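For the sequence shown, the positions run 798 to 1246 when our numbering is used.
Heads up: the structure comes next, in structure tokens.
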Amino acid sequence: MSTTVKALRGAAITLKDNPFEHPSDSCLEYIEEALVMIEDGVITAFGPYAELAGTLPAGVEPDEYPGSIMCPGFIDAHVHYPQLQMVAAYGEQLLEWLTTYTFPTEQQFADSAHAEHVARVFLRELLRAGTTTAMVYCTVHPQSVDAFFAESARFNARMIAGKVLMDRNAPEGLRDTVERGYEESKALIGRWHRNGRQLYCVTPRFAASSTEAQLEAAGALLLEHDGLFMQTHLCENPSEIEWVLSLYPERSSYLDVYAHAGLVRPRAMFGHGVYLHEHDFCTCHAAGAALAHCPTSNLFLGSGLFKLREALDPRRPVHVALGTDIGAGTSLSHLQTLNEAYKVAALSGNKLDAVQGLYLATLGGARALQLGDRLGRLAPGYEADICLLDPKATPLLAFRSSYCKDIVEQLFVLMTLGDDRAVRATYIAGEPVYDRERTGEPFRYPASI
Ligand code: GUN
Ligand code: ZN
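What follows is the structure in structure tokens.
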């Protein structure tokens, strides 16, 4: 079989190490004029153009986006695609927000045509935001999962998703049973897990909407198949925590409910974790489980301030990734998510520098998902999911960027003022799937196909 060789030329930034453990400037790799060589969707060489140009095979012309900066595609570790249509739902905190807005919306996904429509819009919004991998909640309906993976597979994107499991405390149309949730998940795993770049995620929504038996069935699924992921919600809001503890009086903490079912493990992603105690952080650290920091959601629902520094305490660091948590979150852009993460850190008396921010959005997220050997970096052996950032995307960005003295300041300005407009193009497995400036149709596959 012949290989496909491609290349990209231009400024590039990537992380080579963890800036929460090492000085930030030693972790950032910035190349003013880089060459990325790609074979069959995987990076084979990355370095200064002047050094690598001679190795370009005859006839391969690198793609160029003058003025833009290449960086690894963003990783959104917590997002609900069915909630895209209800972003900006007014006035409630978590539990009322779920019953007033979320559950009625999710019931619409019994209809495959609706699910397919929203999945198409969602996938394209991710690409417009420069996000190339996401860990996605579908709804309780298996057809919502098929719709999502079918669209992701069309773009050959590295996506992680699963059917929500809920067997109590939800409207009838959104409830499954222990057996049905197990069987439907198993069938979806057979259809989608490791089908191309798709990965399956066992998805009990949260402890209040699953019985203990359902959480145990989720734990059983994880043991029965290799390489599955797990996602759920944890300690997001005080009323939610009180409710969960009242449903599981025999457990020592909210996290302990999940631990008893075998859900606290590598490749487990716990959304929020705003109100975790030291003991919970130790449990997550020991288990290799990860937390998804979702600042726009935590602010929008008034949930609270995530303790990033405590989570990352070098004595027992917990993996932390960045999540948008649409529809409780307010933007699919990781630039905007970092803008709010900075402010959440500031309110706790801490800083989040630009290199640390980029790490959370890329390599740190990949490592939290145990995919740090293939996602989140521009380096040989890494999958060529790449986002091109435009520092002059808006008049204000262009004006402010003209005063930046170095790449770190430029990156911080992008994190603070940037959003989907600052994404010039997005590559998936080496293919340009989105280009803001392509005339006519910016996406490789129009939504109508
Ligand atoms: N807890 C349980 N379900 C949800 C959800 O859909 N969004 C958020 N933010 N929290 C939840
Ligand atoms: Zn969520």
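All C-beta atoms, glycine included, are put in the ideal place defined by N, C-alpha and C.
Quick caveat: nothing in here was measured; it's all calculated off a predicted structure.
Check your understanding: Excluding five sequence neighbours on each side, which residues of the same chain lie with their C-beta closer than 8 Å to the C-beta of Lys1189?
Key -> Gly864, Ala1195, Ser1198
**Study point:** Thr1127 versus Thr1008: straight-line alpha-carbon distance, rounded
**Key:** Using only the alpha carbons, I get a separation of about 30 Å.
Review point. Can you name, in chain order, every residue of its own chain whose Cβ lies under 8 Å from the Cβ of Val942, other than the five neighbours on each side?
Key: Cys935, Ala958, Gly959, Lys960, Leu985, Trp989
Practice item. Mind the definition here: the region 1201 to 1213 touches the region 903 to 922 only if three or more C-beta pairs lie below 8 Å; say whether that holds. Key: Not touching, per the Cβ criterion.
Check your understanding: Of the residues Tyr1055, Ile1183, Ile1123, Asp1023, which one's Cα is nearest the Cα of Ser1006?
Key -> Selection Tyr1055, Ile1183, Ile1123, Asp1023 evaluated against Ser1006 yields Tyr1055 as nearest (Cα-Cα).
Practice item. Report yes if the CB atom of Gln1011 is closer than 9 Å to the CB atom of Pro968, and no otherwise. Key: no
Review point. If you check the beta carbons only, do Glu1130 and Gly927 fall under 9 Å apart?
Key: One point to set straight first is that residue 1130 is Ser, not Glu, in the sequence displayed. In this structure, Gly927 lies closer than 9 Å to Ser1130 by Cβ.
Review point. How many Å lie between Gly1271 and Pro1046 at the Cα?
Key: Summary: the structure shown does not reach residue 1271, with the chain confined to residues 798 through 1246, and so no result is reported for it.
Point to revise | Assigned secondary structure, Phe1003 (DSSP; H/G/I helix, E/B strand, else coil) | key: coil
**Study point:** Beta-bridge partners of Met883, as assigned by DSSP
**Key:** According to DSSP, Met883 bridges with nothing at all.
Review point. So does Leu891 have its beta carbon nearer than 8 Å to some heavy atom of ligand 1?
Key: Checking the Cβ of Leu891 against ligand 1 gives yes.
Review point. What do you get for Ser1050, buried or exposed, if any count of 16 or more other CB atoms within 10 angstroms of its CB means buried?
Key: buried
Exercise for review: Look at the alpha carbon of Asp964 and the alpha carbon of Arg977, and state the distance between them as a whole number of angstroms.
Suggested key: 9 Å
Check your understanding: Based on the DSSP output, what are the partners of Leu812 in its beta bridges?
Key -> Leu825
**Study point:** Complete alpha helix (DSSP H) runs within the region 963 to 1023 (minimum length 4 residues, chain order)
**Key:** 975 to 989, 1009 to 1021
Review point. Do the region 1082 to 1089 and the region 890 to 897 make contact, defined as three or more Cβ pairs closer than 8 Å?
Key: no
Review point. Would you call Asp1203 buried or exposed, if buried means 16 or more other Cβ atoms sit within 10 Å of its Cβ?
Key: exposed
Review point. Whose C-alpha, out of Asp1187, Val999, Thr1093, is nearest the C-alpha of Phe1067?
Key: If we check each option's Cα against that of Phe1067, Val999 comes out closest.
Review point. Ends of the beta strand (DSSP E) at Gln1161?
Key: Looking at the sequence itself, residue 1161 is Gly, so the reference to Gln does not match. Not the beta strand (DSSP E): Gly1161 falls in the alpha helix (DSSP H), residues 1160 to 1165.
**Study point:** Limits of the unbroken alpha helix (DSSP H) element including Cys1081
**Key:** 1075 to 1084
Point to revise | Residues near ligand 2, criterion Cβ-heavy atom distance below 5 Å | key: Gly1068, Asp1122
Point to revise | Three or more C-beta pairs below 8 Å linking the region 811 to 819 and the region 1155 to 1163 | key: Between the region 811 to 819 and the region 1155 to 1163, the count of C-beta pairs closer than 8 Å reaches three or more; the two stretches touch.
Practice item. Locate the beta strand (DSSP E) running through Phe1240, then write down its first and last residues. Key: Counting along the chain, Phe1240 falls outside any beta strand (DSSP E), and DSSP gives it neither H nor E.
Review point. Going by C-alpha distance, which of Arg951, Phe952, Tyr1224 is nearest Leu1175?
Key: Tyr1224
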